[in-house]
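Everything in the sequence shown is counted per the numbering used here, starting at 679 for the first residue and increasing by one. What follows is a short report on a single structure.
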Amino acid sequence: MSGSIFTITTLLIALILHASAAVISRESFPCDFFMVATGELNGTISQDAAGEPRVGGTFPQASFLIGHGTMTDSLNHTCLISSTTHQLQCTQGLPGSRFMFSNNFLVLHDETNPNWLACPAPGPGQDGSYNIYSSQKADSTGCHAIELQAGSFGCAAQGRPDSSSTIGTATSATASSAYKTNDVSITSASTPASRTSIKTASICPTDISSGTFQFPHLIVPTSPKSPDTAFGNSFKAYISPSNTTLFNFDIPTTAPYTGTCSLVFSFPYASELDPSAGTYFFSGIEEEKGESGGLDFALLSGIASASTTYNTTPKVATGGEYGKTEIIPGNSYTIKTFPCQSGGTPVTYSVTSVGNVELDYFQDSASKAIGLYIVPCA
């Protein structure tokens, strides 16, 4: 495949399990979103002054909305595929083409086709960007096969189209387990990101490959954009400037949870995930490097419930601010070690975006787990 001339940003979005939230038709998703091209060419989708969506270039990033099969841009111009050139464009006064989402949020043309072409944009003022065409374009010379991945939804916590995925059960990973004597540590197949290490007497696993761990029993997204809305329990975590997600854990009072425990966050490569987890949406590498971004983890002073909203979220507990963790795909992070005993009372952690980082994922404890867990230390 051809290499990208753009900085490749990992922007993937996860499938969702059947949940209690209302199911929204794939052709009707009433909130704005951004798109990225993935495939032989990678880059964000911008839009020029004439309304042409493009891959990369110097034009501003474009936002879109799909409702009842019609896609519009931020100016409420209807998007269509030209019947003569097969180019994707957004304009006024012309009937739109039919667009839908796949279950993993690829933008489909002709209702079922996820395949697009990115071709060099001609004309004066050429900035190295690529025009976007449907796969029906006859002359594909110099073009790159791409898919258009939707993400960064403006109403992410309010529900998304449903899929037929099922929850994977916890299994032991075949990869060797990594153990550290650090309060903050990372294990990775690639060069690990670094964090300050604090020595502790306990030896704690940095992932859940031992098969002994606690899965969050309640996951509650909240949003400052809808501060009084209770989004309820979810199988999906939404962490972005628009969403903070709360995680409840019930820590057993029996062995091996009688000594030290560790809060760990597993973040594998998307290609390593079990099919039950789908993929994930991560927009953070550039934000982490350019805006000192990451995820902020904190222990709260109270317990969240399915009716918790942004405004009713308990305050951070004294000493419960764990600080920012810069997350990179392919790593597992130990966020904090602490005495396991909670007196049988649930504990709630919040995960908040720092520096415009976004991560939306389906919590899954399959052999390549993703998400937040508690593990007992030796």
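Glycine included, C-beta positions come from ideal geometry on N, C-alpha and C. Note that the coordinates shown come from a computational prediction; the quantities given were computed from them, not determined experimentally.
CA nearest to the CA of I1048, picked from R732, F960, G747, N809: In the sequence shown, the residue the question calls residue 1048 occupies position 370. Nearest option by C-alpha distance: F960.
Beta-carbon gap between H822 and L786 smaller than 8 Å: In the sequence shown, counting from the first residue as 1, residue 822 sits at position 144. In the sequence shown, counting from the first residue as 1, residue 786 sits at position 108. No; because the gap between Cβ atoms is not below 8 Å, this pair is not in contact.
Beta-carbon separation (whole angstroms), P946 vs P1007, contact threshold 8 Å: For the purposes of this step, residue 946 is identified with residue 268 of the sequence shown, where counting begins at 1. For the purposes of this step, residue 1007 is identified with residue 329 of the sequence shown, where counting begins at 1. Confirmed, Cβ separation roughly 7 Å.
Helix, strand or coil at E969 according to DSSP, with G and I counted as helix: By 1-based counting over the sequence shown, the position of residue 969 is 291. Helix at E969.
Length of the line joining the Cα atoms of G971 and A816: For the purposes of this step, residue 971 is identified with residue 293 of the sequence shown, where counting begins at 1. For the purposes of this step, residue 816 is identified with residue 138 of the sequence shown, where counting begins at 1. So the alpha carbons of these two residues sit roughly 43 Å apart.
Beta strand (DSSP E) runs wholly inside the stretch 909-993, at least 3 long, in chain order: 914-917, 922-927, 938-945, 972-978
Cβ neighbours of E969 in the same chain (closer than 7 Å, five flanking residues each side left out): Position 291 of the sequence shown, counting from 1, holds the residue named residue 969. Result list for E969: G1033, N1034, in chain order.
Cβ pair count under 8 Å reaching 3, the stretch 898-918 against the stretch 1003-1018: no
Cβ neighbour criterion (16 or more within 10 Å) applied to Y1039: Looking up residue 1039 in the sequence shown gives position 361. Counting Cβ neighbours within 10 Å, Y1039 comes out buried, since at least 16 surround it.
Given F975 as reference, the closest of V1029, L941, S761, A728 once Cα atoms are compared: Position 297 of the sequence shown holds residue 975. The option with the nearest alpha carbon to F975 is V1029.
Under the three-state DSSP convention, the category N791 falls into: Residue mapping note: residue 791 aligns to position 113 of the sequence shown, counting from 1. Residue state, collapsed to three classes: strand.
Host beta strand (DSSP E) of D751 (start-end): Position 73 of the sequence shown, counted from the start, is the residue given in the question as residue 751. Element bounds for D751: 748-751.
Distance between beta carbons of L973 and S1043, contact taken as under 8 Å: Your numbering for residue 1043 matches position 365 in the sequence shown. Your numbering for residue 973 matches position 295 in the sequence shown. About 19 Å separates the two Cβ atoms, so there is no contact after all.
Three-state class that DSSP yields for P1007 in the structure shown: Numbered from 1 along the sequence shown, position 329 holds the residue referred to as residue 1007. It is coil, neither helix nor strand.
Buried/exposed call for K993, threshold 16 Cβ in 10 Å: On the sequence shown, residue 993 is found 315 positions in, with the first residue counted as 1. K993 comes out exposed.
For G721: DSSP bridge partner residues: Locating residue 721 in the sequence shown gives position 43, counting from the first residue. Paired residues: A715.
Buried/exposed call for S724, threshold 16 Cβ in 10 Å: One-based indexing of the sequence shown puts residue 724 at position 46. Buried.
Stretch pair the stretch 894-908 + the stretch 950-959: three plus CB contacts closer than 8 Å: no
Helix, strand or coil at Q767 according to DSSP, with G and I counted as helix: Numbered from its first residue, the sequence shown carries residue 767 at position 89. The answer is strand: DSSP assigns Q767 an E or B state.
With 16 other Cβ atoms within 10 Å as the buried cut-off, status of S949: For the purposes of this step, residue 949 is identified with residue 271 of the sequence shown, where counting begins at 1. Looking at its Cβ environment, which holds fewer than 16 other Cβ atoms inside 10 Å, S949 is exposed.
Proximity winner among L758, P894, T987, relative to G729 (alpha-carbon distances): Along the sequence shown, read from residue 1 onward, the residue named residue 729 stands at position 51. That would be L758, whose Cα lies nearest to the Cα of G729.
Nearest-angstrom beta carbon gap, A982 and N926 [assumed within contact, 8 Å]: Along the sequence shown, read from residue 1 onward, the residue named residue 926 stands at position 248. Along the sequence shown, read from residue 1 onward, the residue named residue 982 stands at position 304. That pair is a contact at about 6 Å.
Inter-residue spacing [alpha-carbon to alpha-carbon] between L978 and L924: The residue you call residue 978 lines up with position 300 of the sequence shown. The residue you call residue 924 lines up with position 246 of the sequence shown. Their Cα atoms are separated by approximately 9 Å.
For S1045, three-class secondary structure by DSSP: Position 367 of the sequence shown, counting from 1, holds the residue named residue 1045. Coil.
Which listed residue (G889, Y1051, S780) has its alpha carbon closest to that of T790: Along the sequence shown, one-based indexing puts residue 790 at 112. Of the listed residues, the one whose Cα sits closest to T790 is S780.
Proximity of S761 and Q767 at Cβ, strictly below 8 Å: Mapped onto the sequence shown, residue 761 falls at position 83. Mapped onto the sequence shown, residue 767 falls at position 89. No.
Among Q1041, P1054, T763, S741, the one whose alpha carbon lies nearest that of T936: Residue 936 sits at position 258 when you count from the first residue of the sequence shown. Ranking Q1041, P1054, T763, S741 by Cα distance to T936 puts P1054 first.
C-beta atoms of F783 and Q739 nearer than 8 Å: The residue labelled residue 783 in the question sits at position 105 within the sequence shown. The residue labelled residue 739 in the question sits at position 61 within the sequence shown. No, they are not a contact pair.
With 16 other Cβ atoms within 10 Å as the buried cut-off, status of G735: As a working mapping, residue 735 is identified with position 57 in the sequence shown. That one is buried.
Whole-Å CB distance - T1026 paired with G980, under 8 Å assumed: Locating residue 1026 in the sequence shown gives position 348, where the first residue counts as 1. Locating residue 980 in the sequence shown gives position 302, where the first residue counts as 1. Confirmed, about 7 Å.
For H822, the three-state DSSP class (helix, strand or coil): The sequence position of residue 822 within the sequence shown is 144, counting from 1. In this structure, H822 counts as strand in the three-state DSSP scheme.
Spatial distance of T1003 from Q765 (CA atoms): Position 325 of the sequence shown, counted from the first residue, corresponds to residue 1003. Position 87 of the sequence shown, counted from the first residue, corresponds to residue 765. Their Cα atoms are separated by approximately 42 Å.
Rounded C-alpha distance that separates T756 from R776: Within the sequence shown, the letter at position 78 stands for residue 756. Within the sequence shown, the letter at position 98 stands for residue 776. So the two alpha carbons sit approximately 10 Å from each other.
Presumed contact (8 Å Cβ cut-off) between Y808 and A799, rounded CB distance: Residue 808 sits at position 130 when you count from the first residue of the sequence shown. Residue 799 sits at position 121 when you count from the first residue of the sequence shown. Between A799 and Y808 the Cβ distance is about 6 Å, and since that is below 8 Å, they are a contact.
Backbone secondary structure at P798 - three-state DSSP: Residue mapping note: residue 798 aligns to position 120 of the sequence shown, counting from 1. Note: P798 maps to strand in three-state DSSP.
Same chain only: Cβ atoms within 6 Å of N989, ignoring 5 sequence neighbours per side: Stepping through the sequence shown from its first residue, residue 989 is reached at position 311. If we look at N989 and ignore the five residues flanking it on each side, its Cβ neighbours are P905, D906.
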